[in-house]
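The sequence shown begins at 271 in our numbering and counts up one residue at a time.
We put the CB at the ideal spot given by N, CA and C, even for glycine.
Take a look at the structure set out below.
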Amino acid sequence: MMLVQVLLGVTLTVCLAHGSQIDYINTLSTSWKAGKNFEKGSEPALGLAPGYKPLQPSSDITYDIADEDIPETFDPRVQWPECYTVKEIRNQGCCGSCWAFSTSEVISDRICIASQNKQQVEVSAEDVLTCSGAGDCEGGFPSSVFDYYVDEGVISGGLVDSHKGCQPYTIIGDHPCASYVPTPKCQKSCIAGYNRTYTQDKHFGSKSYGVSTKQVQKELMTNGPVAATFTVYNDFFSYKTGVYHHVTGQAEGGHAVKLLGWGVENGVDYWLVANSWGTVFGEKGYFKIRRGHNDCGFEGGFDAVTPKLE
């Protein structure tokens, strides 16, 4: 996908849900509860490029799963318990790099799943952010990351201060964010002491493709998590538990996340999603969003990629 859109980014001066708004949400007969996730002045970053559209669904992707065999619930953390990245919650910090996180997480999970746990790679969000050309700390394009994975390859890299992999993430995520930080420069080298060169550490994809809402459950069951995008409204910042749907507040911008699976809670169908705002947000970093209603544009299509195993 060509970067033909201007990366305007998303303002970080969002208005967090105040106590009165939280109280208002909790008095409603709704499927989720609100609470305080972040201190004032430490608002989380978004980062999806304005007007972003997922890839068109691929016509040559087929699944050996009948519609009637789709279960009521599916959780890849249970399906593939030895793939540790599937259960990992990351933190993008004061950078609009959600697009880099959602995609690097999807690639990490899919390498493990496709290799039947033989290859475990924590893909570097730092390298994707700085070297892919798919965006920066003011916004980006998830599908372009998957194209980069296929054409140029990605490297390994863990969380902040983890010293894991070729390039761990460097943007701290637990301090107040008054504005986006500058995007770090692309460094085609590994940290001191790592046992491979940047080029030797490359992992490549085979094909990037879009997935329709109609097919996404079969895709998740067959190949693992996908990248999802949606519009964040102000009330989402105060999500604590339950099945989210927009109740009140203005749109704050676009956000990219990792779609894991689905289920039903108290009679409400939901999608199970991993966010990139650390474990302080929502249900220890995860959230559920109502399924079947295209809430916040969540069901507008999804991006995926197949790994090329070594």
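Residue nearest to residue i in terms of C-alpha spacing, selected from the options
i, options, result
"Ser414", "Ala336, Tyr514, Ala319 and Leu298", "Ala319"
"Glu392", "Gly405, Val376 and Asp406", "Val376"
"Tyr450", "Tyr556, Ala544 and Gly366", "Gly366"
"Asn536", "Ile340, Thr469 and Val513", "Val513"
"Gly289", "Ser299, Pro341, Gly533 and Lys306", "Lys306"
"Leu304", "Val575, His515 and Thr501", "Here residue 304 is Ala; the residue named in the question, Leu, does not match the sequence. Out of Val575, His515 and Thr501, His515 has the C-alpha closest to the C-alpha of Ala304."
"Cys364", "Thr453, Lys434, Ala526 and Gly427", "Thr453"
"Tyr322", "Pro412, Cys368, Leu579 and Glu408", "Pro412"
"Glu489", "Val575, Arg360, Trp369 and Glu309", "Val575"
"Thr511", "Tyr540, Lys484, Thr501 and Gln485", "Tyr540"
"Gln437", "Leu579, Gln457, His525 and Gly555", "Gln457"
"Gly555", "Glu358, Gln386, Glu408 and Trp369", "Glu358"
"Gly570", "Phe500, Val550 and Gly523", "Phe500"
"Gln362", "His473, Glu408 and Glu522", "Glu408"
"Gln230", "Thr300, Glu309, Asp330 and Ile335", "In this structure the chain extends from 271 to 580, so residue 230 is not present and cannot be described."
"Tyr468", "Asp337, Ser508, Gly427 and Phe507", "Gly427"
"Gly480", "Gln520, Asp330 and Glu553", "Asp330"
"Lys498", "Ser482, Asn504 and Tyr509", "Contrary to the premise, residue 498 reads as Ala rather than Lys in this sequence. Answer by Cα proximity: Ser482."
"Gly447", "Pro314, Cys566, Asn564 and Glu553", "One point to set straight first is that residue 447 is Cys, not Gly, in the sequence displayed. The shortest C-alpha separation from Cys447 is found at Pro314."
"Asn545", "Lys472, Tyr509, Gln390 and Pro327", "Tyr509"
"Gly435", "Ser459, Tyr418 and Ser299", "Ser459"
"Phe551", "Trp302, Ser299 and Phe308", "Phe308"
"Trp369", "Gly410, Gln386, Cys566 and Glu338", "Gly410"
"Gln390", "Asn504, Gly519 and Asp471", "Asp471"
"Thr332", "Thr549, Gln485, Asp565 and Gly523", "Gln485"
"Gly567", "Ala526, Glu422, Val398 and Glu580", "Ala526"
"Tyr419", "Ser374, Thr440 and Asp337", "Ser374"
"Leu399", "Glu553, Tyr439 and Ser328", "Tyr439"
"Leu547", "Ala521, Phe506, Asn564 and Asp565", "Rather than Leu, the amino acid found at residue 547 in this sequence is Trp. Comparing Cα positions, the closest option is Phe506."
Whole-Å CB distance - residue i paired with residue j, under 8 angstroms assumed
i, j, result
"Ile442", "Val424", "Actually they are not in contact, since the Cβ atoms of Ile442 and Val424 sit about 22 angstroms apart, beyond 8 angstroms."
"Leu325", "Asp573", "5 angstroms"
"Val517", "Lys528", "Rounded, the Cβ-Cβ distance is 24 angstroms, inconsistent with contact."
"Val395", "Phe416", "Residue 395 is actually Ala in this sequence, not Val. Actually they are not in contact, since the Cβ atoms of Ala395 and Phe416 sit about 14 angstroms apart, beyond 8 angstroms."
"Gly475", "Lys388", "Actually they are not in contact, since the Cβ atoms of Gly475 and Lys388 sit about 17 angstroms apart, beyond 8 angstroms."
"Ser301", "Val538", "5 angstroms"
"Gly519", "Asn504", "3 angstroms"
Residue i - containing alpha helix (DSSP H), residue span
i, result
"Gly289", "Gly289 to Thr297"
"Val348", "Pro346 to Gln349"
"Val486", "Val486 to Asn493"
"Cys401", "Ala395 to Cys401"
Identified DSSP bridge partners for residue i
i, result
"His525", "Phe500"
"Trp369", "Its beta-bridge partners do not exist; DSSP assigns none."
"Leu318", "Gly410"
"Asn361", "Trp547"
"Val430", "Bridge partners of Val430: none, in fact."
"Pro454", "DSSP output for Pro454 lists no bridge partner at all."
"Pro327", "Gly480"
"Glu535", "Val538"
"Val424", "His473"
"Gly405", "Gly410"
"Glu553", "Tyr556"
Residue interval of the beta strand (DSSP E) (run including residue i)
i, result
"Phe572", "Phe572 to Lys578"
"Ile559", "Tyr556 to Arg560"
"Ala304", "Trp302 to Ala304"
"Asp539", "Val538 to Ala544"
"Thr511", "Tyr509 to Tyr514"
"Val481", "Phe474 to Val481"
Interface flag, residue i vs chain B, CB-CB below 9 angstroms
i, result
"Gly570", "Chain labels in this structure do not include chain B; a single protein chain is all it has."
heavy atom of the ligand FAD below 8 angstroms from residue i C-beta
i, result
"His473", "Within the structure as shown, the ligand FAD is missing, as the structure has no ligands at all."
**Request:** Report yes or no: do the segment 351-361 and the segment 370-382 share at least 3 C-beta pairs separated by less than 8 angstroms?
**Result:** Yes, the segment 351-361 is in contact with the segment 370-382.
**Request:** Mind the definition here: the segment 397-404 touches the segment 557-575 only if three or more C-beta pairs lie below 8 angstroms; say whether that holds.
**Result:** Between the segment 397-404 and the segment 557-575, the count of Cβ pairs shorter than 8 angstroms is below three; the stretches do not touch.
**Item:** the segment 334-353 / the segment 482-496 touching (three or more Cβ pairs under 8 angstroms)
**Value:** Contact holds between the segment 334-353 and the segment 482-496, because three or more Cβ pairs, one in each stretch, are under 8 angstroms apart.
**Prompt:** Touching or not, the segment 526-540 and the segment 451-463, by the rule of three or more beta carbon pairs under 8 angstroms?
**Reply:** Judged by Cβ distances under 8 angstroms, the segment 526-540 makes no contact with the segment 451-463, as fewer than three pairs qualify.
**Message:** Whether or not the segment 291-301 and the segment 334-344 are in contact is what I'm after, with contact meaning three or more pairs of Cβ atoms, one per stretch, closer than 8 angstroms; do they touch?
**Reply:** Per the Cβ contact rule, the segment 334-344 is not in contact with the segment 291-301 (fewer than 3 Cβ pairs under 8 angstroms).
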